[in-house]
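Novice: Submitted below is the structure of interest, expressed as structure tokens.
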Amino acid sequence: MPSKAIRVPEELWPRRGGWRGRVVSVLKKPGDRVSRGEPVVEVEIEKAVLVIESPYDGVVSEVLVSQGSPVEPGSELMRVDVVGEG
Amino acid sequence: MEKVRIRVSLNERYGVVAGLVSRLSIATVCEGALCPNIMECWGGGVATFMIMGDVCTRGCRFCYVRKGRPQPLDPMEPLKVAEAVRILGLDYVTITSVDRDDLPDGGARHFAETIRAVKMLNPSVKVEVLIPDFRGDETAIRAVVEAGPDVLAHNIETVRRLTPIVRDWRAGYDQSLKVLRVAKELNPSLVTKSSILLGLGETFEEVVEAMEDLRGAGVDILVLSQYLRPSLKQLPVAKMYSLEEFKVLEEIAYKIGFSYVVAHPLARTSYKAKEAYMEAVRRLRGS
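Those protein sequences? They're chains L and C, same order as listed. Residues in the first sequence are numbered consecutively from 3, following our numbering. Residues in the second sequence are numbered consecutively from 31, following our numbering.
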């Protein structure tokens, strides 16, 4: 099973990078199953709370952030062993 | 103060819009203002184009669009926007711009050329423009109106008392009312539109006064939305309005006489613009 990263999407406001946020909640832990489209991490920016979804089906192998972690577009949030690929 | 929650869900059409605007180098206010509706709009295949660059000459204290010395105008931009409308297959397009106080006409001619190019390449498309104040210059306003947009929007943004605090020093409450009034006088069948951002410290009475002033300037469509602070550089949020408060203001706005009112925390001037236009026209023709 290939391991893939779930990131703060750089495609969100793609040509307006430079915004920063901090993790307010981590909704999955290592070993948890995760489905594509399922919320995994919530990131607070000044304007809103962004609910980040998993782009993959799989099993969380590693969580790379915790509550309060500073993040930006492209930051890795967790890694997932992806089901149905490879 | 509880913040709004945005589900970051990027579908295939979102990727198509992102790729297109990047390839054609067209700025969008969706990106420039960190719009919370970008997933819904781009995911539905629509974007609000922001012409004349992505750097604004004004320093409004609610706005996240980059400020400073702008780039030279791109003479190909009108055609690029027209091409983007064609590729996306839009039947309704919203076009806004940065302020260009550095240009003698404030960019009015470029705006007009963009409207004409979009209509030439896409004859059946409806065009909604959200224009700067052109410092109240009637010749500039006329140039845009004569290019034939279907909807002309100009935002008053806030109530009279807060205008000097919220908007750039070159903006003005009465100047914005004048822009809307002049546009309507030049073409009485033109649908006009304006937005008020709520939550900057205004009172209920001041909001009602602003709505009455807008209607007095002939505005047809009113947008009421919640101010969300884009970063620590902008003004703090003074109040988060409840859905019930939006509903109350919406009802008052209809009593004042607007043809259509979009009142929602996440509403923005161009949000669901086609629906607002269709409904406003239906009601205007019906009355």
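For glycine and all other residues, C-beta sits at the position ideal for the given N, C-alpha and C. Quantities reported herein were computed from a predicted structural model and do not represent experimental measurements.
1) Just to confirm my understanding: we take Leu207 of chain C, look at its own chain, exclude 5 residues before and 5 after, and list those with CB closer than 8 Å. What are they?
2) Go through its chain and collect everything with a Cβ distance to Ala138 of chain C's Cβ below 7 Å, but skip five positions before and after it.
3) Going by the beta-carbon positions, is the gap between Trp21 of chain L and Glu61 of chain C smaller than 7 Å?
4) For the beta strand (DSSP E) containing Met80 of chain C, name the first residue and the last one.
5) Would you call the stretch 182–202 of chain C and the stretch 82–89 of chain C in contact, with 3 or more CB pairs under 8 Å?
6) Could you have a look at Ala201 of chain C and say whether DSSP puts it in helix, strand or coil?
7) Looking only at DSSP bridge pairs, what is Glu46 of chain L linked to?
8) What span of residues does the alpha helix (DSSP H) with Leu244 of chain C cover, start to end?
9) Taking C-beta pairs closer than 8 Å, name the residues in chain C that Val53 of chain L reaches, listed in chain order.
10) Would you please verify whether the beta carbon of Ser272 of chain C is less than 7 Å from any beta carbon of chain L?
11) Would you give the residue range spanned by the beta strand (DSSP E) that Glu64 of chain L belongs to?
12) Tell me, please, whether the CB atom of Arg9 of chain L is closer than 7 Å to any CB atom in chain C?
13) Would Val42 of chain L and Gly60 of chain L qualify as a contact pair, given that the criterion is a beta-carbon distance under 7 Å?
14) Would you decide whether Asn152 of chain C is buried or exposed? Buried here means 16 or more other CB atoms lie within 10 Å of its CB.
15) Could you give the distance in angstroms between the alpha-carbon of Arg116 of chain C and the alpha-carbon of Met3 of chain L?
16) Here's a check: name, in chain order, each residue in its chain whose Cβ is nearer than 8 Å to the Cβ of Gly74 of chain C, leaving out the five neighbours to either side.
17) Contact criterion: CB-CB distance below 7 Å. Does Arg81 of chain L meet it with respect to chain C?
18) State the beta-bridge partners of Arg43 of chain C as determined by DSSP.
19) What does a CB cutoff of less than 6 Å around Gly19 of chain L pick up in its chain, not counting 5 residues either side in sequence?
20) How about Glu107 of chain C and Ile81 of chain C: are their beta carbons less than 7 Å apart?
21) Whole angstroms is fine: what's the gap from Gly88 of chain L's alpha carbon to Pro57 of chain L's?
22) Excluding five sequence neighbours on each side, which residues of the same chain lie with their C-beta closer than 8 Å to the C-beta of Tyr284 of chain C?
23) Below 8 Å, how does it come out for the stretch 219–226 of chain C and the stretch 261–268 of chain C: are there three or more Cβ pairs, yes or no?
24) Spatial neighbours of Arg9 of chain L within its chain, please: CB distance less than 7 Å, with the 5 preceding and 5 following residues excluded, ordered by chain position.
Specialist: Per the coordinate set shown:
1) If you number the second sequence from 1, residue 207 of chain C lands on position 177. The residues Ile186, Asp243, Leu244, Gly246, Ala247, in chain order, have a CB closer than 8 Å to that of Leu207 of chain C in the same chain once the five nearest residues on each side in sequence are set aside.
2) As a first step, residue 138 of chain C is located in the second sequence; it is residue number 108 there, counting from the start. Excluding positions up to five away in sequence, the list reads Phe164, Ala170, Ala173, Val174.
3) Against the first sequence, residue 21 of chain L aligns to sequence position 19. Against the second sequence, residue 61 of chain C aligns to sequence position 31. No, the Cβ-Cβ distance between Trp21 of chain L and Glu61 of chain C is not below 7 Å.
4) In the second sequence, counting from the first residue as 1, residue 80 of chain C sits at position 50. For Met80 of chain C, the enclosing beta strand (DSSP E) stretches over residues 78–81.
5) yes
6) Residue numbering aside, residue 201 of chain C sits at position 171 when the second sequence is read from its first letter. DSSP places Ala201 of chain C in coil when its eight states are reduced to three.
7) Position 44 of the first sequence, counting from 1, holds the residue named residue 46 of chain L. Its beta-bridge partners are L:Arg24, L:Val51.
8) Looking up residue 244 of chain C in the second sequence gives position 214. Here the alpha helix (DSSP H) through Leu244 of chain C covers 234–246.
9) Stepping through the first sequence from its first residue, residue 53 of chain L is reached at position 51. What Val53 of chain L touches in chain C: Arg35, Ile36, Arg37, Val38.
10) If you number the second sequence from 1, residue 272 of chain C lands on position 242. Answer no: the Cβ-Cβ gap between Ser272 of chain C and chain L never drops below 7 Å.
11) Walking along the first sequence from the start, residue 64 of chain L turns up at place 62. Per DSSP, Glu64 of chain L belongs to the beta strand (DSSP E) from 60–65.
12) Within the first sequence, residue 9 of chain L is the residue found at index 7, counting from 1. So no, Arg9 of chain L is outside the interface.
13) Within the first sequence, numbered from 1, the residue matching residue 42 of chain L stands at position 40. Within the first sequence, numbered from 1, the residue matching residue 60 of chain L stands at position 58. Contact: no.
14) Residue mapping note: residue 152 of chain C aligns to position 122 of the second sequence, counting from 1. Buried, by the Cβ-count rule.
15) Within the second sequence, residue 116 of chain C is the residue found at index 86, counting from 1. Within the first sequence, residue 3 of chain L is the residue found at index 1, counting from 1. Straight-line spacing of the CA atoms in Arg116 of chain C and Met3 of chain L works out to 42 Å.
16) Within the second sequence, the letter at position 44 stands for residue 74 of chain C. Non-local beta-carbon contacts of Gly74 of chain C in its own chain, meaning distances under 8 Å to residues more than five positions away in sequence, involve Arg43 in chain order.
17) Within the first sequence, the letter at position 79 stands for residue 81 of chain L. No, no contact with chain C.
18) By one-based count along the second sequence, residue 43 of chain C stands at place 13. Beta-bridge pairing links Arg43 of chain C to no other residue.
19) By 1-based counting over the first sequence, the position of residue 19 of chain L is 17. Excluding positions up to five away in sequence, the list reads Pro75.
20) Position 77 of the second sequence, counted from the first residue, corresponds to residue 107 of chain C. Position 51 of the second sequence, counted from the first residue, corresponds to residue 81 of chain C. Closer than 7 Å, so yes.
21) Along the first sequence, one-based indexing puts residue 88 of chain L at 86. Along the first sequence, one-based indexing puts residue 57 of chain L at 55. With a pLDDT of 49 at Gly88 of chain L, under the threshold of 50, the modelled position of this residue cannot be trusted, and the question is left open.
22) What you label residue 284 of chain C is simply residue 254 of the second sequence in a count that begins at 1. Excluding positions up to five away in sequence, the list reads Val291.
23) no
24) Translated into positions along the first sequence, residue 9 of chain L becomes position 7. Here the set comprises Gly76, Ser77, Glu78, Leu79.
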